[in-house]
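Q: The working numbering puts the first residue of the first sequence at 1052, with every later residue one more than the last.
Think of the CB as a built atom: it goes at the ideal place given N, C-alpha and C, for glycine as much as any other residue.
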Amino acid sequence: MNGTAPRRGGKERALARQHWLVKSEPEAFSIEDLERAPAHTTSWEGVRNYQARNFLREMEPGDGVLFYHSNASPTGVAGAAEVARAAYPDPTALDRRSPYFDPKATRADPRWSVVDLTWRATFREVISLDRLRQVPALARMILLRKGNRLSVMPVTPAEWKAVLGLAGSKG
DNA sequence: GCCAACGTTGGC
DNA sequence: GCCAACGTTGGC
1052 MNGTAPRRGG
1062 KERALARQHW
1072 LVKSEPEAFS
1082 IEDLERAPAH
1092 TTSWEGVRNY
1102 QARNFLREME
1112 PGDGVLFYHS
1122 NASPTGVAGA
1132 AEVARAAYPD
1142 PTALDRRSPY
1152 FDPKATRADP
1162 RWSVVDLTWR
1172 ATFREVISLD
1182 RLRQVPALAR
1192 MILLRKGNRL
1202 SVMPVTPAEW
1212 KAVLGLAGSK
1222 G
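1) State whether the region 1074-1085 contacts the region 1119-1132, with contact taken as three or more CB pairs (one from each stretch) at a distance under 8 Å.
2) For D1167, count neighbouring Cβ atoms within 10 angstroms of its own Cβ and tell me buried if that reaches 16, exposed if not.
3) From the DSSP output, which residues share a beta bridge with W1071?
4) Considering only the alpha carbon of each residue, which of A1159, S1094, D1141, L1180 lies closest to V1132?
5) A1135 and T1173 - do their beta-carbons sit closer together than 7 Å?
6) When the Cα of R1087 is compared with those of R1171, P1208, G1113, which residue comes out closest?
Structure follows, in structure tokens:
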């Protein structure tokens, strides 16, 4: 008993994959861009909101991610991805030439995090906001709450299932 | 382009 | 610690 045995943070996390939604303006980075990226994978850079960052830090490899197009036509869920690598420091926060540079970030305290995401699917049609709002199972989705501006947010298993169901059906 | 909603900053 | 000013997000 040397007290160094690692404490697993609860079995529930090891058993249950979690689900998330990330937003992106397709003009900046779209689901098609992710599909075309090397190894279908990108690091999710530039999150500069603490609540969103904290969600990034909860992600684990294998978690499912809905990919949402904001400021688009139509705006809506455009595809799905998967967490490929858990959170690590966002290098763009320390890069003076990056639009995401944060003068308050330091190597000792980088402040911001990224995860790596791998493309899983591009939906044949974007599931529009209007469509999402019609689905009773999604009534409480964070995405649909008035005034919501989070760019990274959790999705319940039921919501995940419902959205993928819409993606698989004709709409 | 407009504007509501929200987060952050900074003066006090 | 309060809160007004400001900047940003994102739907329309």
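A: According to the structure data:
1) Contact check between the region 1074-1085 and the region 1119-1132: three or more CB pairs, one atom from each, fall below 8 Å, which counts as touching.
2) Counted from its first residue, the first sequence places residue 1167 at position 116. D1167 is buried by the Cβ-count criterion.
3) Here residue 1071 is taken as the residue at index 20 of the first sequence, counted from 1. Answer by DSSP bridge pairing, in chain order: V1116, P1205.
4) The residue labelled residue 1132 in the question sits at position 81 within the first sequence. The identity of residue 1132 in the sequence shown is Ala, whereas the question assumes Val. Checking every option, the nearest Cα to that of A1132 belongs to S1094.
5) On the first sequence, residue 1173 is found 122 positions in, with the first residue counted as 1. On the first sequence, residue 1135 is found 84 positions in, with the first residue counted as 1. No, these two residues do not count as a Cβ contact at 7 Å.
6) Here residue 1087 refers to the residue found at position 36 when the first sequence is read from its first residue. Nearest option by C-alpha distance: R1171.
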